[in-house]
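*Asks:* Sequential numbering from 75 applies to the sequence shown in our numbering.
Once you've had a glance at the structure underneath, I'll fire off some questions.
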Amino acid sequence: MLPASDRPAIVLDHVRKCFGDVVALDDISLTVAPGTVFGLLGPNGAGKTTAVRILTTILRPDHGRAEVLGLDVARDAQRVREQIGLAGQYAAVDENLTGRENLYMVGRLTHLSKPVARERAGALLDRFDLADAADRPTRTYSGGMRRRLDLAAALVHRPPVLFLDEPTTGLDPRSRTELWLVIEELVGEGATVLLTTQYLEEADRLAEQIAVVDQGRVIAEGTAAELKHQLGETIIEVGFADEASAARARAALATIGLCEVETDGRTVEIKVNDGARAAIDVVRVLDREQLEPVEMVVREPTLDDVFLTLTGHRAEEPIEPDDARATRAGERGAA
Numbered sequence: 075m076l077p078a079s080d081r082p083a084i085v086l087d088h089v090r091k092c093f094g095d096v097v098a099l100d101d102i103s104l105t106v107a108p109g110t111v112f113g114l115l116g117p118n119g120a121g122k123t124t125a126v127r128i129l130t131t132i133l134r135p136d137h138g139r140a141e142v143l144g145l146d147v148a149r150d151a152q153r154v155r156e157q158i159g160l161a162g163q164y165a166a167v168d169e170n171l172t173g174r175e176n177l178y179m180v181g182r183l184t185h186l187s188k189p190v191a192r193e194r195a196g197a198l199l200d201r202f203d204l205a206d207a208a209d210r211p212t213r214t215y216s217g218g219m220r221r222r223l224d225l226a227a228a229l230v231h232r233p234p235v236l237f238l239d240e241p242t243t244g245l246d247p248r249s250r251t252e253l254w255l256v257i258e259e260l261v262g263e264g265a266t267v268l269l270t271t272q273y274l275e276e277a278d279r280l281a282e283q284i285a286v287v288d289q290g291r292v293i294a295e296g297t298a299a300e301l302k303h304q305l306g307e308t309i310i311e312v313g314f315a316d317e318a319s320a321a322r323a324r325a326a327l328a329t330i331g332l333c334e335v336e337t338d339g340r341t342v343e344i345k346v347n348d349g350a351r352a353a354i355d356v357v358r359v360l361d362r363e364q365l366e367p368v369e370m371v372v373r374e375p376t377l378d379d380v381f382l383t384l385t386g387h388r389a390e391e392p393i394e395p396d397d398a399r400a401t402r403a404g405e406r407g408a409a
C-alpha cells in the first residue's frame, strides 16, 4: 500500500450501480488528490448523488471498488464514516432543536466528550455566523442559515474528507458566495472536498479538477481551463434580425471555425483559436455577403459551453424520465 501522503484521498474504480433496470452509475472511475476540491459536474439524475452515497457508505456498489483514504467503503464502512463529513442536498437538521443543540448532538454521536462537543459547537456557530441565532429553534432559520448549520454539523468532528452534495442548491447569491468562501478556507486548512454541483460557475470557482458526468458516465475530465480549451480559445457570437440571415451567415462563416446557430435561431456562434484574427475575418465575410448583424460579441468559453458541447443539453435542463426513476429508486435504496 502507498504511504498515506502519496495515496489518493478518494477513489472510484470502475463502479457500477443499478436500481432495477435503471443504470445510475455505469463503470465510473475517479481519483481525487488529497487537499483539493474535486468537482463532479452534471445535471439532475446524472449519477452524482449515487456516487456520493456509495463513497459515504450509504449505498454499496454492484461492481467495482470505492475507497476513502485507502479504506474500502464496503469492507471498512465504520472506519470510513469516522473520517468523513457529509452535507447533502437538503439540510439534515432537527428543526425542534436549537442550532447549538444540533451541533452538540452531532458531536456526541461522533464520540466527542461533552466538553469538546460544547466547544466545537460554539466555535462552529461563530465561524458560520450563527452565534446570534445559536439558541433559537432551527425551524426559525432561513434556508441559508440551515445550509450553513448543516455544513457546520459535517465539520464537528474535524473530518479530513468532506462530501458536499449540491450544497448551494436553493441559496441566494450572497449565501452561495459565503459558502464558497468557507469551502475555500477548509481546503486551505488541508481538507479534501468532493463537491457535486449543477452550477457551472461553482465548479469553475472552486474545483481544481472537474469530472463532467452524464447518464452515469464520466464524459470529460480535467481542469476548468483544460475543459474550456476543448472548444477553442475564443467564441464569437453574431446576432441577426431574423433566422434567414442567421442561416445564411452560418453557411458563410463555416470556413472560419466550428459554426452553429443558437436555439434562438438568430444568433450564430463560431468557436475559434485565434480570436482577434477570426473576428476580422468574420466582419469581412459578413460584409462580402451583405449581411448586417445587430450585435457581435467576442468572449472566452465557459463551462456551460463545455457542457452543452459534450452532452447536447445544458446542465440545468429538466431530467429525463429514466433519470428521474433512477433518482427515486436511489432514494428508496438509501432509505
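We treat Cβ as the ideally placed atom computed from N, Cα and C, and that holds for glycine.
May I ask which residues mark the beginning and end of the beta strand (DSSP E) holding glycine 113?
*Replies:* Run containing glycine 113: 111-115, per the beta strand (DSSP E) assignment.
*Asks:* Between Val286, Ala298, Val230, Gln289, which lies nearest to isoleucine 158 when the distance is taken from Cα to Cα?
*Replies:* Residue Val230 is the option with its Cα nearest to isoleucine 158.
*Asks:* In whole angstroms, what separates the C-alpha of glutamine 163 from that of aspartate 378?
*Replies:* So the alpha carbons of these two residues sit roughly 21 Å apart.
*Asks:* Where does leucine 260 sit, in a helix, a strand or coil, going by DSSP?
*Replies:* Reduced to three states, the DSSP call for leucine 260 is helix.
*Asks:* Under three-state DSSP, which class holds valine 359?
*Replies:* Three-state DSSP puts valine 359 in a helix.
*Asks:* Taking C-beta to C-beta, are threonine 383 and alanine 352 nearer than 8 Å?
*Replies:* No, the Cβ-Cβ distance between threonine 383 and alanine 352 is not below 8 Å.
*Asks:* Near lysine 302, which residues of its chain fall below 8 Å by C-beta distance, leaving aside the five closest residues on each side in sequence?
*Replies:* Here the set comprises Glu374, Pro375, Thr376, Leu377, Asp379, Val380.
*Asks:* How about aspartate 87 and arginine 134: do their beta carbons lie closer than 8 Å?
*Replies:* Their beta carbons are not under 8 Å apart, which means aspartate 87 does not touch arginine 134 by this criterion.
*Asks:* Looking only at its chain, what residues have a beta carbon closer than 7 Å to the beta carbon of leucine 198, apart from the 5 residues adjacent to it on each side?
*Replies:* Closer than 7 Å at the Cβ level, and outside the excluded window around leucine 198, lie Leu177, Ala226, Leu229, Val230.
*Asks:* Put glutamine 283 into one of helix, strand or coil per three-state DSSP.
*Replies:* Of the three classes helix, strand and coil, the one that applies to glutamine 283 here is strand, per DSSP.
*Asks:* Is glycine 173 helix, strand or coil by DSSP?
*Replies:* Of the three classes helix, strand and coil, the one that applies to glycine 173 here is helix, per DSSP.
*Asks:* By the three-class DSSP mapping on this structure, what secondary structure does arginine 373 have?
*Replies:* The answer is strand: DSSP assigns arginine 373 an E or B state.
*Asks:* How about glutamate 282 and threonine 297: are their beta carbons less than 8 Å apart?
*Replies:* A contact, by the Cβ cut-off of 8 Å.
*Asks:* Would you decide whether asparagine 118 is buried or exposed? Buried here means 16 or more other CB atoms lie within 10 Å of its CB.
*Replies:* It is buried - the Cβ of asparagine 118 has at least 16 other Cβ atoms within 10 Å.
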